[in-house]
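Chains as they are written, first to last, in numbering that gives the first Met the number 0: chain A, 0 to 413; chain B, 0 to 316; chain C, 0 to 287.
Worksheet: the structure to be examined is printed underneath.
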Amino acid sequence: MRYTKTITAAAVAATAALALAGCSGSSGGSDGSKKTVTMWIYPVIADEAKHKGFWDETVKAFEAEHKDITVKYEIYPWANRDESLSTAIAAGKGPDLVYLIPDQLSTYQKSIEPMDSYLPSAQKKDILDNVAESVTIDGKLMAAPILTSANALMCDAKAFEAAGVTDYPKTWDDLEKLAPTFKEKGIYVTQYFGSPDVTLNMTFYPVLWQAGGSVYNKDGSKVAFDSTAGTKALSLISDFAAKGYIEKDLISTMPALEQTALATNNVACTWQSGPSDVTSFWGEDAIKILPPLTDEKQVSYGTVGSLAMLKGAKDKEAAGEFAAFATDAENSKKFDLASNFFSPLKSTGELYADDPIQSAIEKTIPTSKVGELQPSARAVMGVLAPEIQAALLGTKTPEQALKDAAAAAQPLIK
Amino acid sequence: MTTTPTQPRPPAVGGRPDGDRRDGRPPGLTKRVLARREARIALLFVLPAFLLFLAFRFGPAIAGVGLSFFDYDISGELDWEGLKNFERMLADPTFWQAFGVTLAYSVLAVPISLALSVAMALGVRRAFRGSRFFRSVFFLPVITSLVLAGAIFKWIFSTDGPWSAIMAPLGLGGSWLNSTVLVIPALVIVGVWSRFGYGMLIVIAALQDVPREHEEAALMDGAGAWNRFRYIVLPRLKPTLFFLAVIETTASFQVFDLVYVMTQGGPAHASYSLVYMLYDQGFKYTDYGYAAAIGVALFVMTLVVALIQRRVIGRQK
Amino acid sequence: MTTATPRLKRARSFRALEPTRGGLVVRYIWLSIAAVLCFFPFYAMVVLSLKPGLAVQFPQSLLPWNLSTASYEQVLGGQNLLVWLGNTLIYAIVSVVAVLLLSAMAGYAFAKKRFRGKETMFWSFLAMVMVPFHVTLIPTFIVLAKLGGVDTYWGLILPTLANAQAVFLMRQFIEGLPDDLFEAARIDGAGEFRIFLTIVLPLCKPVLATLGIFIFLWHWNDFLWPLIMAKSSDMWTLTVGIASLQQQNVPLSVMLAGSVVALVPIFFAYVVAQRYVQEGVTSAGIKG
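Okay, here's the thing in structure tokens:
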């Protein structure tokens, strides 16, 4: 009798809490006359002022043609963007449009409204084939591509000079042969970011693909990185770690870039950083862009940036119109030039004919891969990255690390 | 002489058995009316805090335990899972890794922090010139958020940092944050640095209760400092030390900021604490049901330890 | 260690336990070493924040010359640091005021009033102390999210106002206040709330000060909750903002400059309110 009051009250509160959690967020009615479109974007253009300038201009041009639509955009930082986005979606407070890469398209596919019906067919046909493929799931175009990028092999001319090496590496064997020479001069032959914050698409998967392996099997029902190719790939890097050919600290932490060997011209080549990271340290002349390394295959990681519409968008027509506008040939070209990325469309042609670094990167786009699209991709990375760290630190053999990772990853594939 | 029907009247404060006998109550207001009025007003006073509790402690606590029986992700679908989350958890090597990490961290951090608190307290307990200054310096880390201190500690432990330089001659050079074995000791160092000042103040206060005459007498009898401490001071400190142990253990079980900022649970999950796992599962992978299960596990762990500690203290008394 | 001199032995005064000159010097030495070690991270933070651009080398970089404030200009100008500072101030101060008011009210009711369900309510408060906030974290977040509280001040602040320890502390303290004062005022016909505001609260000043500074400190340093609740970068608190700087490849000196700026207000608050903080800690400890 004493406690019933409290218990009843608590039960009511709990039921209310669960009930609220269970019911989906109420859909706010649009008021018909003025439509609003919200967009989340990330610092694709590194200079914030420049970035804001681009979107302010683009939004103005769009709103001039569409007097009944207002567009509001927000530039969010790259860090923790998945958490923020998934939390917002879970809370029913997500944006109408959001900048996503193919990996994320796969993760959020249940929450995405396909773009098929919102892009004019001419624009759809203009999308490069491999780009279109990378944003298509189950035959539906999930987002409107706005840029492409590739992580080619970047080498430091100054480091090569200091070590007296003249030939740039083309294959894994080349890299392995060069390593001791560089070590003598106190230079790391490459670098590997082992921190779990860095996506494996940038660090390990390119090596895995170069060895002929893949993350998933053909139908995506099982992981396939625990293969001979996988072991070969991981062994390449763990050998480098064991022999001191890569900076050990980077295996577990991400110090500020100017504190790493890369900034002081002490790394020969890398596929994990790009020109924008090192220009201020190396100077543009020292940057040498090369095609990706070859082992069984020649392949690098490249991505496609796209605008996707979320299912929770109130005014889908309006959102679709803005997406189509922002990603058409004219605007995407402007965006790509401003951000130093590349075009996803056929009609734009070569964007950087007179910039040696950019055109070199542009040439590697055909050999780039956007990653293997699976909803569980990030969760799998979450269990694979620590195992890779274990292999790099020498506490497990590469084979054992991959086996353990595969065992931990399997239950995550739903 | 009570008028409230359901409850025994709480002992009156101030020594008066029934205070309202002597006041000049306006006629017409019976005790009953007054009591009811009092009760109503009292409820009004308590209600805001209580409602907040209901909404943000009670409700969520029950929901939190309840959520662990469901599968809930960003799509918003709530699927009943029964005990599946717990089965998965108990079979998950990552969970046991996190359990071990949290345990290892606590087992190291708590005794070291207590020892340091006592040592420093003994050093600054008496007022002498500068004792207050020392106390303040030792307390500074307590008010410093580990998130803010994380950057400098990352540098301190890096291969080019001071700690590696000092440890190198002992063969333990290189970044401790890079070693699956040494990462927990590194975190313990930072954790202890940030907490010992708190314990120190508590021990200082407890030391005031140690009668000086006893220590004096021991001194006269020729007892050295260590013996004075061991036989006179320490026994008096025991209750405080147990209290501190409970507080520090609870705090260590919940270590998160430190891990987030310094190691992200690495390398190779060697510093993957339970709360970090909860955050990872819940907010990175939006597996809210699983994260809730981990929360329940953490709650059970804390409860068990608290009960054990209570039993031990009880026996002491 | 210190052998009493014959003179003191005879006197049997309290002076016997005072450290000798030699003992004092030794004490100063090891305390100073401990203090230096304890303070070193702060020193390093400040010095390195004043050395922008370079790769840090130990020990040269720790020497206090060749300093430049460029990193501070960068962090105060470029990043949203001042916005974060503002958010943290709002988060901390509003919470302090609200918690003090609500817990004083509840504490007063529990201490001095009789009402039905008082015991049950009090025990339920007690029980809530036991529940670690991780159990409540996710459901609280989900409910607030559904109510549209993510990225809002109220969503950030409201759940943190449910503070059981504050209620206990207030009740403890108010219980010790003599009833006569309230009775006298009541006889004079003063309303309950007026009594509370004009008599109870002023009497509680010391405990309010202590509690207040603790709540302030706790909110200032809070990380996990704002991390989850404040999503857009102009809603971040200082801790979340500085943590994000780490992931943005910002130079070390800029990061440290940000940390220093974030620490200054709280160091200042501590210096001002030192006494209350230390008293608060020790009183909590003595009661066990």
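Just so you know, even glycine gets a beta-carbon here, dropped at the ideal spot from N, CA and C.
Counting along the chain, no alpha helix (DSSP H) covers A:Val303; the unbroken beta strand (DSSP E) around it starts and ends at Ser299 to Leu309.
About 5 Å separates the beta carbons of B:Gly149 and B:Met261, which is inside the 8 Å limit, making them a contact pair. The region 48-87 of chain C is shown to contain no whole beta strand (DSSP E) run of 3 or more residues. Partner residues in the beta bridge of B:Trp79, as assigned by DSSP, are B:Phe69. Within the region 70-89 of chain A, the residues whose Cβ lies closer than 8 Å to some Cβ of chain C are Glu73, Tyr75, Pro76, Trp77, Ala78, Asn79, Ser83, Thr86, Ala87 and Ala89, listed in chain order. Per DSSP, A:Trp39 is not a residue of any alpha helix (DSSP H); the beta strand (DSSP E) it occupies stretches across Lys34 to Ile40. If you draw a straight line from the Cα of B:Pro234 to the Cα of B:Thr29, it is about 55 Å long. Collapsing the DSSP output to three states places A:Ser85 in a helix. By the neighbour-count criterion, in which a residue is buried when 16 or more other Cβ atoms sit within 10 angstroms of its Cβ, A:Ser116 is exposed. Taking a beta-carbon distance threshold of 8 Å, A:Lys182 does not count as an interface residue toward chain B.
Rounded to whole angstroms, the separation of the alpha carbons of C:Trp235 and B:Ser112 is 32 Å. Shortest Cα-Cα distance from B:Arg31 to any of C:Phe114, C:Asn79 and C:Val25 involves C:Phe114.
A contact between stretches requires three or more CB pairs, one per stretch, nearer than 8 Å, and the region 278-286 of chain A fails this requirement with the region 199-219 of chain A.
Scanning chain A for C-beta atoms nearer than 9 Å to the C-beta of B:Pro92 yields Asp403, Ala406 and Ala407, reported in chain order. DSSP places A:Asp155 in the strand class (E or B) of the three-state scheme. Taking a C-beta distance under 8 Å as the contact criterion, B:Ser193 and B:Pro140 qualify as a contact pair. Counted as a single uninterrupted DSSP element, the beta strand (DSSP E) harbouring A:Thr69 occupies residues Ile68 to Ile74.
From the beta-carbon of B:Ser135, the residues of chain C found nearer than 9 Å are Tyr269, Val270, Gln273 and Gln277. When C-beta atoms of the region 341-357 of chain A are compared with those of the region 162-173 of chain A, fewer than three pairs fall below 8 Å, so the two segments do not count as touching. Straight through space, the alpha carbons of A:Asn79 and C:Ile227 are spaced by roughly 11 Å. Close CB contacts of A:Ala323 within its chain, under the 8 Å cut and outside five residues either way in sequence, are with Tyr117, Leu118, Pro119, Gln122 and Ala143 (chain order). Assignment of A:Leu344 by DSSP, reduced to helix, strand and coil, places it in the strand class. Relative to C:Pro63, the option among C:Val45, C:Leu53, C:Gly76 and C:Ala272 whose CA is nearest is C:Val45.
For the pair of segments examined, the region 141-160 of chain B was found not to touch the region 235-248 of chain B: the number of CB pairs separated by less than 8 Å stays below three. With 16 or more neighbouring CB atoms inside 10 Å of its own CB, A:Ser375 falls in the buried class. Within the region 255-271 of chain A, contact with chain C at the beta-carbon level (separation under 7 Å) is assigned to Ala255, Leu256, Glu257, Gln258, Ala262 and Thr263. Around the CB of B:Ile183, 16 or more other CB atoms lie within 10 Å, so the residue is classed as buried. Residue pairing for A:Lys139: DSSP places it in a beta bridge opposite A:Ile136.
Judged by DSSP secondary structure, A:Leu99 falls within the beta strand (DSSP E) whose first and last residues are Leu96 to Leu99. Proximity of C:Phe213 to chain B, defined by a Cβ-Cβ separation below 8 Å, is not satisfied. Ranked by Cα distance from B:Ala120, the first of B:Leu200, B:Pro210, B:Phe241 and B:Lys237 is B:Leu200.
DSSP places A:Leu289 in the uninterrupted beta strand (DSSP E) bounded by Ile286 to Leu289. By the criterion of a C-beta distance shorter than 6 Å, A:Gly93 is surrounded in its chain by Ala87, Leu309 and Gly311, once the five residues flanking it on both sides are discounted. For C:Val199, the three-state secondary structure derived from DSSP is helix. For the C-beta of B:His268, the chain A residues within less than 7 Å are, from N- to C-terminus, Pro385. Residue pairing by DSSP places A:Glu112 opposite A:Met308 in a beta bridge.
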